[in-house]
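Notes follow once the structure below has been shown.
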Amino acid sequence: MPREHTRTYFLGKLARELEIRGLEASLRPDPPSLKVRDPDAALFSETVDCVAMSDGWFYRWSWGDVVESADEPAAAADRIVKVFTTGESRPHPGLGDG
């Protein structure tokens, strides 16, 4: 399935960027997604997936808001890290993406 391969490829790129920044990211197989957590705050985790939209592939929070274009894994990782490390409020469904 080319679509699943593409999704897994983009999630792998994001996982590497998150790990470089000190977060843990584990790939979940079905459907492909990343479980992201801060090793220093074990109770705080988030699931990020990757979806094809009309403008290309995008990383997405668990509730559906877009994190960033999948062509920009470093920018996506920076945004995710900011939520994990600054104490900034996590975006919530229905309230925009922060």
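The numbers in the UniProt record's numbering rise by one with no breaks, and the one at position 84 of the sequence shown is 84.
The beta-carbon is built from N, C-alpha and C at its ideal position, and this holds for glycine as well.
- To the nearest angstrom, report how far apart Leu18 and Pro29 are at their CA atoms. Put simply, the backbone Cα of Leu18 is about 18 Å away from that of Pro29.
Within a Cβ cutoff of 6 Å, which residues of the same chain sit near Thr6, ignoring the five residues on either side of it in sequence?
Result list for Thr6: empty, nothing under 6 Å.
Shortest alpha-carbon distance to Gly12 belongs to which of Thr85, Tyr59, Lys82 and Thr86?
Nearest option by C-alpha distance: Tyr59.
CB-CB under 7 Å to Glu4, same chain, minus the five flanking residues each way: which ones, in chain order?
Same-chain partners within the cutoff: Pro32.
At the level of alpha carbons, what is the spacing between Gly96 and Asp65? Confidence at Gly96 is low in this model, with a pLDDT of 45, below 50, so the placement of that residue should be treated as unreliable; the coordinate-derived value is given next. If I take the Cα positions, the gap works out to 7 Å.
### Query
Using a Cβ-Cβ cut-off of 6 Å (strictly less than) and excluding sequence neighbours within five positions of Ala75, which residues of its own chain qualify?
If we look at Ala75 and ignore the five residues flanking it on each side, its Cβ neighbours are Glu68.
Worksheet item: So is Phe10 buried or exposed if we call it buried at 16+ other beta carbons inside 10 Å?
Response: Buried, because 16 or more other Cβ atoms sit within 10 Å of the Cβ of Phe10.
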